[in-house]
Each structure stands twice: as C-alpha cells, then as structure tokens.
Amino acid sequence: MEHNTTETPQKTFTCQLCGLTSPFTYYGQKPPNTRAIVLLEECFMTKDPFCPEKEKFLVLGSNCSLCSMCVCVGLDCSLFYTKRFCMQCVNKHLDQFPHQIQAELAKKRQSSQAAVS
Amino acid sequence: MSSGRSRHRTWDWDSPQCRAQLDEVFFRRHDYIQAGSQDHKEFWSFFDRFQRFKTKRDMSGSGSSRKEAREQEGRDKRKSGKVDLDLPKDYDARYRINVSVCTRDIEERMGRSGKGSSGPGPQETSDCRLALLHFLDFSQKQSFGKLAKLRREQKSLPIYQYRSRIVDLVRRHPVVVVAGDTGCGKSTQVPQYLLSAGFHNIACTQPRRIACISLAKRVSFESLNQYGSKVGYQIRFETTRTTATKLLFLTEGLLLRQIQQDTTLAQYNVLIVDEVHERHLHCDFLLGVLRSLLASRPDLRLILMSATINIKLFSDYFNSAPVLQVPGRLFPIQVIYQPIPSEEQPSRSEKLDPRPYLRILQGIDQRYPPEERGDLLLFLSGVAEISTIQEACQVYATHTRRWIVLPLHSTLSVAQQDKVFDTSPPGVRKCIISTNIAETSVTIDGVRFVVDSGKVKEMSFDPKAKMQRLQEFWISRASSEQRKGRAGRTGPGVCYRLYAESDYDAFAPYPVPEIHRVALDSLILQMKSMHLGDPLSFVFIDPPPAASIQAAVTYLKEQGALDSRGELTSIGSLLAQLPVDVVIGKMLVLGSLFNLVEPVLTVAAAFSVQSPFLRSSQQNPDCATACQPLHSNQGDPFTLLNTFNAWVEVKGERGGGSRKWCRRRGLEEQRLYEMVNLRRQFRDLLKSHGLMEPVYSAPSGGDRKQRRERLTERRKLHQLKREHEQLEGSRRKVLRLEEGQEGDLSSGSDTEEAGKGRKDKAGSGQNMDIQEVKFKLRHNVSELQEAVSISQDLPSRQQALLKLLLCRGLYPQLALPDEHNSNRKDSEQVFHTRNKQGVVIHPTSVFASDPEVLHVPEDETREMGPDRRDSSRHQVLAFVTLLETNKPYLSNCVRVPALQALLLVANSIDSNADCARLVVDGWLELELREAEGALKVLATALTLRAEWEHLLQAQLKQSPAGEPEVQGVSRRVIEKLSENLVRFLLYTEISYSLRRLTAFQTQNLYIGPRPESELSQTEIPDLKPLFPGAEAKPDPIKGGLRVTSFFTYNCLADSKDLYSECLRTFWTCPNCDLYMPLTPLERMQHEASCRPAGEQQQLDKDPEDEKVATSSSVSSLTRVYHCDVCNEDLNLTSTEILKHKRQHMYSTK
Ligand SMILES: [Zn+2]
Ligand SMILES: [Zn+2]
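For the protein sequence lines, the chains are A and B, in the order given.
Numbered by full-length UniProt numbering, the letters in the first sequence go through residues 1 to 117 in order.
Numbered by full-length UniProt numbering, the letters in the second sequence go through residues 1 to 1149 in order.
Here's what the structure looks like:
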C-alpha cells in the first residue's frame, strides 16, 4: 500500500501486521503546530481524536527501518529503539537488542501464551 | 561562592518558583503544552512520579556486569556476519522514545556552564526535558491504546465482516435492506462504511431525537473526529449541521419536512432509514414518499435498516430490494414458561397479583449466588401495574437487602429514569420494572434476567368516538423475542415468560403498526400539502384503514384546514408547515392575529410537552399547597401559563435556584425547559411565516460594557457546557440500597436525597446545573421575562379573549357538563362530547378539584319545566385530549361561555324562524328566552365572525411576503374587533337553556328541502347580502336558507313558513332611524350592515385603516340593486334597499 501518495482523497494508514487502519493527516517528522517537537522517524500522524478540544497529534505508525514494512506503534507490531523495527525484524535480530528488551519480550510472549492456553 | 553552586544547592523541584522557571523554557504560550493547561498540570504530576521511579531505580542499581555481558554478546553477533542493527551499546529507556524536544533556548541552557545566569541550569533543564519526552511518549501510548481498543471493538462487531459487501450492494442497487439485531452495530457502522467508501451527503433518520445526538457523537468519535464537523445531527431544537456536513443524523419527521421544501431531496445522495421495523407513523409514511421519490432520483441510494423482523415486507415494497442479513450478537438465553395460575390471574378491575413476580425474585435468590452479578428487567404493561408490583417487590427487597427496585416509564422525572443506568453495590441486584420503553428505546447493560408479563398498553384511536384509547393487549411474538433478547446482551441469560408456550404461539407475529392505531390528521394534512393526491390511493407499505383516512379528512374539514372539496385552505397550508398538532398550530395562528401571541406561545408549548406537574407529587400535601397559587379555575392552560410565568420569574431572580423552586412544587423542571425551547421555536416559526412582528430594537443591546459582560458570561457558559460534556458518561454512580424505598411513596424526600447524592461529586467545586447553563446560552432571560410579563395577571378582558382563541383552536373538541352535575359528588361529575357520552375530567385537571365553577349558579337559573333550566351562565369545556384508560378522561380543559363561544366557533348553526331555537353542530340545542334578544345575539355573532374571518384571511394572505411594514391588517382594526369580541363574550346577558339533543330529535331535526314549485311561487325576500360576502340560498339538505357556510336559517323542524308575513314585527334600528316591520332575517341583514354613526365615521377617517375599511365597511355594504318598480340599477346598502322596497310597498297599498 502506498501511504504517502498525498493525492488520494482519503489518506489511510494500515498496519501490515495487525490490520489496524485509520485515516492520517500528516506524514513526516515534524507534526504541525507543535513548535519544539521533532520526531526521530518519519511517521503517519493524525489529530488526536481523544482530546478533541486541543490540537494534539497522534502517531499511528511508521515504516520498519529494516524491511520498510508499514507498522503501527502498537506493542505487538513494532518497537522503537533508536529506530523503528517491525516485530518480525525484532524477532529475527533479537540477539542484537539489549537484555532489558529481550527479557521484556520473553515475558510478554509468555503471558500471551498463557492467555491463549 | 559561585552562583551556580549555590543555585544547585537551593534548587528545589517541589518549589513552585523553580517549576515556574522551567515553565518559562518548556511551556510557553506557543509551545505544544502551555503553562496553566490541563496537560501542563498532568505533566508535573507525571514528573513527580517519574522522579520517584528514577530514584528507586538508582537505589537498586542498574547492574553494570550485565551491561558488559551484553556488549560482549553484541560483538559476538557482529562476527557471525548478520545484519548489524547498529544499536547503542548501553540500554537507555529514552532510546525507546521516538520524540525529541529541542529549541535554541533549551540547547543554550543545556550547554551552559552553569555560571552567570539565573534559572535552571543544564542538569535541571535536562531532567525536565527527559521527563517531558517520557511524558509525551506516555500520552502517545495512552491515546494509541484507546484507538487500538476502538478498532478492536469495531472489528469484533458482527457487521464488520459485511462491510465491503454492504458498500458493494449500495453501489449496485438503489435500495438495500440491512437487517440485523440489536448489538450487530449497524447504526454506528454502516454510515461509516459508506463515508470511508467515498459517499457523502448522507442522511440517516432515527425515530428518536436522543438517538440522533448520541449517534452523531459516537460516529464522529469512532471516525476519530477526522470528519470534524462533517458528522452532525439535526433535531427539533438544535443542529450541528454546517455546509461541511457529510453525514447527518435527523429525525424521520424532520426529513419529511425537508421533502416538503425540497421535493427531490437534492441535498442528499444517500438516505439511511434506520429502525424501519419499529413501524412508526412517520417512518411508514416516509418510506411511501421515498418510494415515489426514487423514480425521479435514480442516482439516490436508499438503505433501510431493520431488526430481523418482517424483512420481506420491506424488500417487497421496494421492488424486491436485496437484503443483507447480519447475525446479532446474543448470548444464549434460557426461556422458562411460567404461566400465572388462574387463582392469581387478576380480574378485570383488580390490581395485579404480585405473587408470581415475587416467586421469580425468590427463585433467583435461591438459585444464583449474590456474587454472580446480573440485574433483572421486568416488563409490565403500564404505570399502575408497575407501582403495584414495585410496592410488593420493595417489601421483599427491604427484607432481603439483595435488591434495589427501580421503576422505568416515560412519565417519570428524568433523574428518576436515569437511575436505572447506575450500578448496584456488590451482592445486590437491580430489579428494573419497566413498560415496553425498555424493549427498544432504552438499552440497559448488565441485565441477566428478564421477566415478561406478555402484556403491553397501546394507544389506539377510535374514529367513531373521536377518542384515543389506551388498552392492554398481548404482545406480539416479535416483541416477545425482543424482550427476551434483553437478557443476553452481556452474557448468557434467563427469560421468564409469565404465559404458556401455547399463548406465545397464538400471539400475532408482529406488533400493530402505528399507522393502524392513531389519528391520521397530521399525516393527511401533510400529504395534502405535499400534493400526494388522494390519500386513499397512496401506496403505503401497509395501508391504514380507509375509515381512519376518512375520519381524518372530516376532522380537517371541521378544523377549517381543508375546504369542502378536500383541498387545503390557506390556514391549512400554513398548518401543514408547522411541525405541531393541528389544534396547536391553529392556536398559534389565531394568537398571532390578536395581541395575545405571548400567552398563546406558552400555552401551545405547554400542550406539546408532558405536564410539568408530577403525578406522584401532587398527592403530596406540601406540594399541593405550594402549587395552589399557580392554579387557575379558568382552566388548565391558565394554570400552565401561571406556572411557566412564575418559573421564568424565578429564573430571572435566582437562576439555578429554580431547581429547588420546582422541587418544592413537585414540578419536573425538565418539562419547563422543554417548554421554553419549544416556545422559542414556535416564535421563530411565526416570525418566519410573517405572523409575528420582529422585535424592534432588542432591549438586550445595551451599551458596550453590558455587551462585553454578556459576551464574557457566554464564554464562561460555553466553557461550563464543554466541561459537563467531558464529564458525561464517566458519571455513573453506585446506587444505595435504600434507593428504591424512597422514590415513589414520598417524592418530597427527593429533595433531600438529591442533595445527598450530589455532595460526593462536588469535587469540581461548584454545583453545576447543566440545564441552567444551556438555558442561559439559548435564552435571554430578561427578554423572556419581558415577554412573559405581558401574559402575567391578564386582565379579565384579555383572559376572555384568550379563552376564545383556545376554544376556536381546540374546536370541535368541546364537552358539555351534564345537567345534573350540581347534584352529584365532586368525583362523579359527568360530561359529554358530541361523539362520546359520559366522559370524566382527568384528576390532574383543575376542574376535577373545583367542579363548582362549571355549575350553573342556582340563583340565576329559572326552572322552565322539568328539563329546562334557563340561565345566561351556561358553559362548555374545550379540551385538548380525550383518552380512555380505565375511563374516558378529558385533559387540559378550559371553560368558555357556551352561547357566545358556540356562535363564534361552531361549524354548523341552525335556527328556527325567529332564531330563538338554535342547534349547534347537530347535537347541542339552545333555546333563548326572548326572540328579540336572540336575534340580536345571533346578528352580533355573525358580524363578529365575518370580521374575524376577514382579518384572519388578510393576515394569512400577506404573511408569506413577510414584510412587516406592509401590515395588511392594521392594529386599530384588530383592536376594535377584539374589543367587540370581548364585549360580546362578557356582556351578553341573555337567558337560555342548553342541552344535548336526543337521538330521536337528531333524526327529525330539519324540515328538509322545499319542492321547487313552492319556491318559485313565492317571491324570495332579498336575503343575499345578509352580511358582506354572504349569499343566502336554500339549503338542499336541511331546508331553510343557507346564509353563511356555517349558519342555516329557519331549517329546524319547528320552523314556521319561511316567507310568512306573520314573522314581521315592527322594529327600530338603534343606529339609524329605520322603523318598520321586518322578518328576523331582514333585521339581521340590516344590523350587519348598519353601524353606529360614530363608529362608521371613525373608520372612514382613519387613513391607516383605509385598506380594510374600504373593503369591509363601505364598499362592501353597498351593492348594485335592480329595482323592478323603478326599473333602475341603484347603488345602495342593504338598509337602503329595504327602505327603498318599503317605499314601493306602502305606495302600492
Ligand atoms: Zn499493528
Ligand atoms: Zn521489518
């Protein structure tokens, strides 16, 4: 899916792992009306719908720095550690991630398995 | 000492000054988070938590040995030839944050050596920035979590699987039926699927206003407000619609009104009609209209959404439209049939026996442990049944302390209704006893047990008695299933049916659609104004009985909305545009003519909402006493008027204090808010139809300071409203065990209770009354007070006129007190309407507690025989509703002087030769004592009516232009008329008897037409210009002479020969010198045209009145008369003609 073709009337972000879709209003590193805030990656963003009063942004997801797959920021789909990694890539290169992260993921996997069984 | 070190030592994170210094760096006016905002407050509390966390972590040590080990591993991997991710060697949680905050200011402070300047140094700045990054990351995760949850929920809806199929069907077919049961998500999702598929200008109708608002909010939220103002709603009082709106939720009635203006509905591309299975009158009609509209709009897409009830009916109606059926999401429900044993069956007049219901509560307590949650929903047919069972259940609940018993029906106060959504404390179940309102309209989560009595009370209309009837019926199988389904929304449930399975099988498959049950007046009127042709041949989805249509047409004719050919009259076409009942619309129009708009607006609004007087509180002596000053024995509309006026005054003085004021009087304030809104809408309607002058130089203008103050206040109010809206939803409170016990028995204690309940959530500091806020935003209190003051303490003359207007509006809804009422007990007063004998006054009416005011005063009556009581004080009642429950009840009544009111409003008045005997509408007979006086009264009434009608027509004709300067009807003429009407109403002193005709009398009422021969033989006296515009012709059915559309002279069976000379008596005209023998008709004719000399002159002189004066008093009085004797055309008034003819008569003799 091409997300950054800004010409399409309805710009939709879709996570290629979990299928979450949402319209997005901005793609880039500098969310509008945010002054000092800069993102460390190019992101799909929308106006935060959960605080309708204020002009807040919400990052939906971005492309995996390794495989460029489009993934959402949900914990099951991607991980940011200086760069964005999709979960597939994280698992492939798990050994290169710090211990803290490895332990965390192992714990999460365990608990989700427990929930399934 | 260096300043840096001293600062470092004195830096205190808890000090507000220190924090304020950092605010200067990070949270400036244009920053993402601004000092003083909610986010800002949240940041600092996050900061505290973050610091605590950091300290704890630092104390436990970060384990450097592990770090080394990891680095070692990393080096190993690199050797193995895999991709190098190039990750930093040391783990830091901040690497997991994809946000950075950087400005020159921050950079500078962080790079500073820490010398020379004040404020936070590099360390503090860096700490704060790190905390800010974590805070931003935290907020992002929180919001994204909500989004993900929302998407998961959307995906899990049964309808989600069908989204592309739905879009595809809509693309390919003009009409699609989507059928799915409650909980499948169709109402919220289908509009969104269409929006995201690129459809726009979508309208989605709902049967209920409240659903329009909540759906618009929900869909807007679910589509992430991405559409912002593009999702809106439009209901009676308010709209959020803008030009950008792509999806609009609106009521069925409103869409119909829009079709009246925009016959092809060009403003929409897609129409979704939701809940079609509910078969509301408007919805059935809307479908019919849309069906024919589709022919002219092949591009229009129509989607019908329904529960899985009778789907084929809808599909077939639209040329076998494709149906998409979506399974509902219901948990399994166990059905238990528990028919009520015969010894516990209530006989017709008895109260319900509560034992079968109590057994179920007991059974639940025995079978299910209290820690297993799940509430009970009990369906009964009506309010009386609910209070019987509630009482019994409450005793049980008080004893076991395991239940909270709550009633639910539409006549409860809003606050009481709202309680069913609160949760019960652990170990206690709610027992909600409801009418069928909980079947579809109100959805309560957490219900596990349903008890279904199988009964429903439904309104039906009896066209013969002209009466609404509230009767108990068995429900349909569809309703039964719907009720059952309420037990399985949140988990597996149980449904107890208090009838046998064989009963169930014998139920009708579907409920009777509304169109088969109700009066069709408004519908027919609307059809006429939409030019839909003969209502009998309109293709309804399920045609109403022809008798119903016929009854409505007749009624509309009686009301003057349709003429004798069934075409719209000018008042009729105006009424069709007003979204109110015909009688109420008529009142508004009539009120606009006279200077009585303000009170009429209030009364019309009061008639359109439920009574603000809560039934239960009126039995409370304290409330009754407090209400006493509001009561008016003129009639219920005046009580309502007083109440509204007093309330507005309290609002002006005490604002939110009105809540207490209402509570003390047992008034439901919500209804008064509805009234004030409706009143405002009526006013706008009248203005837009040019029936009301715009307010000159609004007193609200004020000087600049006042305006500014008002603006500031409005801003504050808007803020309050927003805050309230944010709080909404998170407000469910936990019920107290005692909750049910207080409710019904003594509403007085409601005061105390509400106070208690509110204290605990007074966290926000002030007790905000959102209704008061909305009221202030919508209305200018001082303007309202001014408007209301006009109708306060109306002088008796104005009151008399207002009563007449109400009576004319409500006509033919009139009732006659029974002649023997003064000998009966107060509670046994009987009344009769034309079509229904023996009706009673509803106990809430003022005439139920004060019936003497309707009795004919003893000292004034003169017994004229066994059955005849003459008096000048007879009265009749005009009423708003006649509804039969256990008895036929009249409600909202006003009393009017019988003779005067009948002569001024009745559609049919028949007289005998000397006009001393009159029959009104074929059922009321009035016998006047003196023929002389009778004639005078009749003549006055005819003149007044003609004038009134003339002015009304003039008002209606000029109204569409809406130019207030060219008021066709001048004020002075109207004032003159109202004065004359009032004089007629108040000062007609003539003794008469008033009674109903017997069936036998009605049969032989008229003499019938005379044979042609007889007519031609006699010279017909010149009767034509009895009064302006009238033509007297023999009446083909009744006989006699039809003088006006409503008055037929000399047609009653006891009439003497029409042309008999013996009817002539000598008479002197009080206005001119005329003295001669005249027949009654000739006299009336003269009186109609002969005005007191002074009056006539005054009229002529007034230049303002020229228009009307010329048309009604001068030119129309003279006409061309051809005298056969002189053989000459003479331009004479009718009096002059008479004189002229007499002249010949005497000269020939
Ligand atoms: Zn995802
Ligand atoms: Zn990847």
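All C-beta atoms, glycine included, are put in the ideal place defined by N, C-alpha and C.
Mind checking residue i: buried by the 16 CB within 10 Å criterion, or exposed?
i: K887 of chain B; result: exposed
i: L380 of chain B; result: buried
i: L678 of chain B; result: buried
i: V68 of chain A; result: Correcting the residue identity first, residue 68 of chain A is Ser in this sequence and not Val. Per the 10 Å Cβ criterion, exposed.
i: Q161 of chain B; result: exposed
i: F13 of chain A; result: buried
i: T940 of chain B; result: buried
i: A508 of chain B; result: exposed
i: A878 of chain B; result: buried
i: Q1085 of chain B; result: buried
i: S911 of chain B; result: buried
i: H399 of chain B; result: exposed
i: residue 1182 of chain B; result: No information on residue 1182 of chain B is available, as it lies outside the stretch 1 to 1149 that chain B covers here.
i: L810 of chain B; result: buried
i: L711 of chain B; result: exposed
So, for residue i: in the same chain, excluding its five sequence neighbours on each side, which residues have a beta-carbon less than 7 Å away from its beta-carbon?
i: V323 of chain B; result: V177, A179, I311 and S315
i: P535 of chain B; result: I524, M527 and I549
i: K351 of chain B; result: T388
Would you say residue i faces chain A, with C-beta separation under 7 Å as the test?
i: R151 of chain B; result: yes
i: D12 of chain B; result: no
i: L224 of chain B; result: yes
i: T125 of chain B; result: no
i: N436 of chain B; result: no
i: K41 of chain B; result: no
i: L87 of chain B; result: yes
i: residue 1151 of chain B; result: No answer is possible for residue 1151 of chain B: it lies beyond the span of chain B, which begins at 1 and ends at 1149.
i: H409 of chain B; result: no
i: R483 of chain B; result: no
i: V101 of chain B; result: yes
Cβ of residue i less than 7 Å from any chain B Cβ?
i: D48 of chain A; result: yes
i: R35 of chain A; result: yes
i: F13 of chain A; result: no
i: Y26 of chain A; result: no
i: Q110 of chain A; result: no
i: P98 of chain A; result: yes
i: E104 of chain A; result: no
i: E42 of chain A; result: no
i: V59 of chain A; result: yes
Tell me the DSSP bridge mates of residue i?
i: P817 of chain B; result: B:F831
i: C1123 of chain B; result: B:E1128
i: L294 of chain B; result: None; L294 of chain B has no bridge partner.
i: A576 of chain B; result: Partner(s): none; A576 of chain B has no beta bridge.
i: M45 of chain A; result: A:Y26 and A:V59
i: V494 of chain B; result: B:Q334 and B:F449
i: Y160 of chain B; result: DSSP lists no partner for Y160 of chain B.
Going along the chain, which residues of its own chain have a beta-carbon closer than 6 Å to the beta-carbon of residue i, five neighbours each way excluded?
i: W661 of chain B; result: V650
i: H831 of chain B; result: First, the amino acid is wrong: residue 831 of chain B is Phe here, not His. These residues qualify, in order along the chain: A815, P817 and V839.
i: Y357 of chain B; result: I389
Could you check if residue i belongs to the surroundings of ligand 4, using beta carbon to heavy atom distance under 6 Å?
i: C67 of chain A; result: For ligand 4, the structure offers nothing, since it holds only ligand 1 and ligand 2.
Within the same chain, show all residues whose beta-carbon is closer than 8 Å to that of residue i, passing over the 5 residues directly before and after it, in chain order.
i: R664 of chain B; result: D622, C623, A626 and T751
i: V734 of chain B; result: D422, T423, S424 and P425
i: G374 of chain B; result: Y368, R429, G446, V447, R448, F449, G491 and G493
i: V289 of chain B; result: L256, I259, M530 and L532
Please write down, chain order preserved, every residue whose beta carbon lies under 6 Å from a heavy atom of ligand 1. Result (chain order): A:C15, A:L17, A:C18, A:L20, A:V71, A:C72, A:G74 and A:C77.
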